[in-house]
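Following: one structure in structure tokens, then a few remarks.
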Amino acid sequence: MDPMPDIPATFRSEQPARVVRVLSDDGTLDPRHDPRLSESEVLEIYRWMVTTRQLDERLVALQRQGRIGFHVGSLGEEAAIIGAAFAMRTRDWLFPCYREFGAALMRGLPLQTFVDNMFGNANDTVRGRQMPNHSTHRASGWASVSSPVGTQITQAVGFSWGAKIDGKDVASLVYFGDGATSSTDFHSGMNFAGVFKVPVVFLCRNNGWAISVPVERQTATRTFAEKGPAYGIPGVRVDGNDVFAVVSVVREAVRRGEQGLGPTLVEAITYRMGGHSTSDDPNRYRATDELKPWAERDPLERLRHYLERRVWWDDRKEQALIADIDQRFRAAVAAAEKAPPPALETLFEDVYEKPPWHLQEQRVELLRGVRAPSSHS
Ligand SMILES: Cc1ncc(C[n+]2csc(CCOP(=O)(O)OP(=O)(O)O)c2C)c(N)n1
Ligand SMILES: [Mg+2]
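Going by my numbering, 674 is the number at position 303 of the sequence shown; the sequence numbering is gapless.
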């Protein structure tokens, strides 16, 4: 270790890391980080970003109509969410926060299964035991959505560590917000992954807010990326509204994991353009002029501008895509609303292989009738 440097230098702060950006305002790509996506790849990404936004709008409407109880959306964060998932390999696993349903759909979660979860009906893979928007889908490598802030971080690390022990080349991508960096799971997960060189991509969606807490109140550091080096993990800042930059940086993080170099912390700088969820009103805590500069950097608009410049997209294609999403969503909602709620006895399933006596007794009592007189009265 170096001898102690002079005191003022120890307090000298470094400049925050440069933000990786590929898509410039004029619609050209910076060759230094260009992930060189083909036309069909860019169109696939764009379609999923549009799908996410369209579904968000429709799900908020369903919540306002009282048909579903809750929705937590992705407005403004579509490039960070879809771009990061796109960069992962099919065999990898994704550990979501709660704002990333678009990535699950892109990975293969069927729209009907997603919508069944929004209604918590009998076809819901989690049998109505979770809030809406808390899907899980093994076939798509989509772990359970985590509501307790940060818990998915340690889960992702444990998962990939297990795969590493088994000699499998399986990485995980874990999504979390700026708020989750204050959780103990962030510390435990980062520390463990750094020590054991676990192939995890830590994707911090810095969207400016943790419900009503702004990033300035979340941390005293100037960036979230700079927390990485304290754990021996490189931290990269990326323009989270630039899908090319997100794909490029996350692909590089996957490559590092493949080469046995361990995890990477990616700070995707973006903005939550809506409320936290359907349960709050951001106008109560956010200055009205704060949204405008971010609306001007809308990730969908930026990508669409690029596509039009390449003459890969036009209004007619956009309208056809939206009509298709609308038709498929309506059909899925109609089917979900027709499905019954989960059967009452399912409450006692999925935990014990052989339920203990007291649960068996309770099951019998419950099935006798929910309003049956209590044996204690
Ligand atoms: C352990 C825990 N504490 C508090 C909450 C309530 N809560 C839900 S989301 C949230 C904010 C999370 O913010 P951030 O990590 O930035 O993610 P974002 O919602 O911005 O995507 C809080 C405090 C919770 N779900 N779990
Ligand atoms: Mg946040």
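In this text, a Cβ means the ideal position worked out from N, Cα and C, and glycines have one as well.
Under the three-state reduction of DSSP, F557 is assigned to helix.
In the three-state reduction of the DSSP assignment, L632 falls in the coil class.
By the neighbour-count definition (other C-beta atoms within 10 Å, threshold 16), G579 is a buried residue. Relative to G740, the option among S554, E716 and V571 whose CA is nearest is E716. For Y723, the three-state secondary structure derived from DSSP is coil. Bridge pairing for D610: I640 [DSSP]. Contact check between the region 446 to 457 and the region 715 to 730: fewer than three CB pairs, one atom from each, fall below 8 Å, which does not count as touching. Between C575 and V520, the CB-CB gap reaches or exceeds 9 Å. Straight through space, the alpha carbons of V735 and D463 are spaced by roughly 43 Å. Checking the 8 Å criterion, the Cβ of W532 is out of range of every heavy atom belonging to ligand 2. Going by DSSP, S411 is part of the alpha helix (DSSP H) stretching over E410 to R435. Residue burial is scored here from C-beta neighbours: G454 has at least 16 other C-beta atoms within 10 angstroms and is therefore classed as buried. Nearest to A510 by C-alpha distance, out of F700, E428, N494 and R478, is R478. By the neighbour-count criterion, in which a residue is buried when 16 or more other Cβ atoms sit within 10 angstroms of its Cβ, K539 is exposed. V391 has its CB no nearer than 8 Å to any heavy atom of ligand 1. Less than 9 Å divides the Cβ of F441 from the Cβ of S650.
Counting only beta-carbon distances shorter than 7 Å to the non-hydrogen atoms of ligand 1, the qualifying residues in chain order are C468, R470, S518, P519, V520, G521, F547, G548, D549, G550, A551, S554, R576, N578, W580, A581, I582, R643 and H647. Between G611 and V618, the CB-CB gap reaches or exceeds 9 Å.
Scanning its chain for C-beta atoms nearer than 8 Å, with the 5 sequence neighbours on each side dropped, one finds around A714 the residues A493, in chain order.
For R470 and L738, the gap between their C-alpha atoms comes out near 37 Å. In the three-state DSSP reduction, F700 falls in the helix class (H, G or I). Boundaries of the alpha helix (DSSP H) around V486: L482 to F490.
Distance between G437 and V443, taken at the CA atoms: about 15 Å. In this structure, M459 places its C-beta atom within 9 Å of the C-beta atom of V621. By DSSP's assignment, R576 forms a beta bridge with G548 and A639. If the five residues before and after T594 are omitted, its C-beta is found closer than 7 Å to the C-beta atoms of P387, A388, R608 and E638, all from its own chain and listed in chain order.
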